[in-house]
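Just so we're on the same page, our numbering is the position in the sequence shown counted from 1, plus 10.
A virtual CB, placed ideally from N, CA and C, is assigned to each residue, including glycine.
Please read these numbers as outputs of a predicted model, since none were measured by experiment.
Just below is one structure, and these are the notes that go with it.
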Amino acid sequence: MARKKTEKMKELTEAEKEMLQEIILTYQSVKMMSRFMKWIAFFLFLLILDFARLIDAIENIFAHLKQWVISKK
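See below:
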């Protein structure tokens with residue numbers, strides 16, 4: 011009998027259930043946003059690295075063209 015009373019006391023009211031559901035949904039959305047932010051940061055990091063390599067490649071092309079033009083004269 012004592013066990014049944016404690017089980018009944020553990021039941022949540024409708025307002026508490028709604029609040030708990032809202033907390034769970036908020037947590038899941040924050041967790042998903044965190045995952046997206048990690049991927050966005052990773053993508054930007056790769057983009058910056060690739061941009062630096064692209065600029066280096068363009069500089070090398072111009073340096074070689076400059077040497078080629080100078081050597082032709």
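Worksheet item: Is L22 helix, strand or coil by DSSP?
Response: Looking at L22 - three-state DSSP - the assignment turns out to be coil, as it is neither helix nor strand.
Worksheet item: Residues in its own chain within less than 6 Å of S44 by CB, not counting five upstream and five downstream?
Response: Contacts found: none.
Worksheet item: Which value, in whole angstroms, describes the spacing of the CA atoms of L59 and I68?
Response: Rounded to the nearest angstrom, the two C-alpha atoms are 14 Å apart.
Discussion item. Looking only at its chain, what residues have a beta carbon closer than 7 Å to the beta carbon of V40, apart from the 5 residues adjacent to it on each side?
Written reply: Within the same chain, no Cβ atom closer than 7 Å to the Cβ of V40 is found once the five residues on either side in sequence are excluded.
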